[in-house]
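Colleague: I have a structure here, written as structure tokens, and I will follow up with some questions on it.
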Amino acid sequence: MTDQLLDGLSHLGLAGLFAGVYLEALGVPFPGSLLVALAGFLSKQGELNILLVWTVSMLAYLLGSTSAFLIGRHVGEPFFKRWGRYIHLTPERFAKAQEVLKKSAPGFIIGGRFLPTVGNITPYVAGVSGISLLRFLIYDLIHGILWLSVFLGAGSLLGRNWQQVVEGRWTLWFGAAGLALLLFYLLRQFVFTKRTKV
3 MTDQLLDGLS HLGLAGLFAG VYLEALGVPF PGSLLVALAG FLSKQGELNI LLVWTVSMLA
63 YLLGSTSAFL IGRHVGEPFF KRWGRYIHLT PERFAKAQEV LKKSAPGFII GGRFLPTVGN
123 ITPYVAGVSG ISLLRFLIYD LIHGILWLSV FLGAGSLLGR NWQQVVEGRW TLWFGAAGLA
183 LLLFYLLRQF VFTKRTKV
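Now the structure itself:
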């Protein structure tokens, strides 16, 4: 699959990168992280301009996330409770995601997007929650910068060894790091709230 993506990216260039990152940000099951790492690799080889890759990827990511957020905002909770099971979003999972979002919007949006399956539903849950679009975009931009830095950087720095990042256990480690950040933030919020009440 990686060879097919690499060939496709070589032929389609920035348009293919835009489409792939948009789908990833929209929550469609698509290897967007792999595509970004491949774009980093191709930029290292001189086939793509790294600044254009960064700009196109960030634009596609923000547009995809915003689309998902607005879908969540306009179709609402009843839609996801009824049809969510088709995208593995059970009512229980949806309720749990909303609970975490209420406790820490930054932790859920920034850290949660690094986690497999959770990342796909994050903008939809945020849209349903009533959080403002501006606030969502601020947190989402922070995640986008971190995400692009990790995978573009990995593809560019590792060159021919980029497979170690995207096919090995690195994605799992990044997911674990995102979860650790989320847990740290929630714990800090809990301790701070307790202290202010005393």
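In this text, residue positions in the sequence shown follow the numbering used here: the first is 3, and each later residue adds one. Even for Gly, the Cβ is constructed at its ideal location relative to N, Cα and C.
State the start and end residues of the unbroken alpha helix (DSSP H) segment that holds GLY114.
Modeller: If you number the sequence shown from 1, residue 114 lands on position 112. Per DSSP, GLY114 belongs to no alpha helix (DSSP H) and is neither H nor E.
Colleague: State the CB to CB distance for the pair GLY129 and ARG75, rounded to an integer number of angstroms; the pair is presumed to be in contact (CB under 8 Å).
Modeller: Counted from its first residue, the sequence shown places residue 129 at position 127. Counted from its first residue, the sequence shown places residue 75 at position 73. At roughly 4 Å, the Cβ-Cβ gap stays under 8 Å, so GLY129 and ARG75 are in contact.
Colleague: Taking contact to mean 3 or more Cβ pairs, one atom from each stretch, closer than 8 Å, check whether the region 64-72 and the region 47-55 are in contact.
Modeller: No, because fewer than three Cβ pairs between the region 64-72 and the region 47-55 fall closer than 8 Å, the two stretches do not touch.
Colleague: If I follow the unbroken alpha helix (DSSP H) through ARG87, where does it start and stop?
Modeller: Locating residue 87 in the sequence shown gives position 85, where the first residue counts as 1. Per DSSP, ARG87 belongs to no alpha helix (DSSP H) and is neither H nor E.
Colleague: Between LEU143 and the rest of its own chain, which residues show a CB-CB distance below 6 Å, the 5 nearest in sequence each way excluded?
Modeller: Indexing the sequence shown from 1 puts residue 143 at position 141. Hits under 6 Å: none found.
Colleague: Compare the beta carbon distance of GLY42 and SER151 with 8 Å and say whether it is the shorter of the two.
Modeller: Taking the sequence shown and counting its residues from 1, one reaches residue 42 at position 40. Taking the sequence shown and counting its residues from 1, one reaches residue 151 at position 149. Against a cut-off of 8 Å, the Cβ pair of SER151 and GLY42 comes out as no contact.
Colleague: Roughly how many angstroms separate the alpha carbons of LYS105 and ALA99, rounded to a whole number?
Modeller: The count along the sequence shown starts at 1 and reaches residue 105 at position 103. The count along the sequence shown starts at 1 and reaches residue 99 at position 97. Looking at the two C-alpha atoms, the distance is approximately 10 Å.
Colleague: Identify whether PRO31 lies in helix, strand or coil by the three-state DSSP scheme.
Modeller: For the purposes of this step, residue 31 is taken as residue 29 along the sequence shown, with counting starting at 1. In the structure shown, PRO31 sits in coil (DSSP, three-state: anything other than H, G, I, E or B).
Colleague: Taking the CB atoms as reference points, tell me whether VAL58 and LEU19 lie closer together than 8 Å.
Modeller: Reading the sequence shown from its first residue, position 56 is the one you call residue 58. Reading the sequence shown from its first residue, position 17 is the one you call residue 19. Yes, these two residues count as a Cβ contact at 8 Å.
Colleague: Quick check: the Cα distance between PRO108 and TYR141, rounded to an integer number of angstroms?
Modeller: Counting from one through the sequence shown, the residue named residue 108 turns up at place 106. Counting from one through the sequence shown, the residue named residue 141 turns up at place 139. Going from the Cα of PRO108 to the Cα of TYR141 covers about 6 Å.
Colleague: To the nearest angstrom, report how far apart GLY86 and GLY155 are at their CA atoms.
Modeller: Working through the sequence shown from its first residue, we reach residue 86 at position 84. Working through the sequence shown from its first residue, we reach residue 155 at position 153. Going from the Cα of GLY86 to the Cα of GLY155 covers about 34 Å.
Colleague: CB LEU210 to CB TYR24, shorter than 8 Å?
Modeller: The chain is shown from 3 up to 200; residue 210 falls before or after that span and cannot be answered.
Colleague: Answer yes or no: do ALA39 and PHE153 have a C-beta to C-beta separation smaller than 8 Å?
Modeller: The residue you call residue 39 lines up with position 37 of the sequence shown. The residue you call residue 153 lines up with position 151 of the sequence shown. Yes; because the gap between Cβ atoms is below 8 Å, this pair is in contact.
Colleague: What is the residue span of the alpha helix (DSSP H) that THR124 lies within?
Modeller: Looking up residue 124 in the sequence shown gives position 122. Where THR124 is concerned, the enclosing alpha helix (DSSP H) stretches over 120-131.
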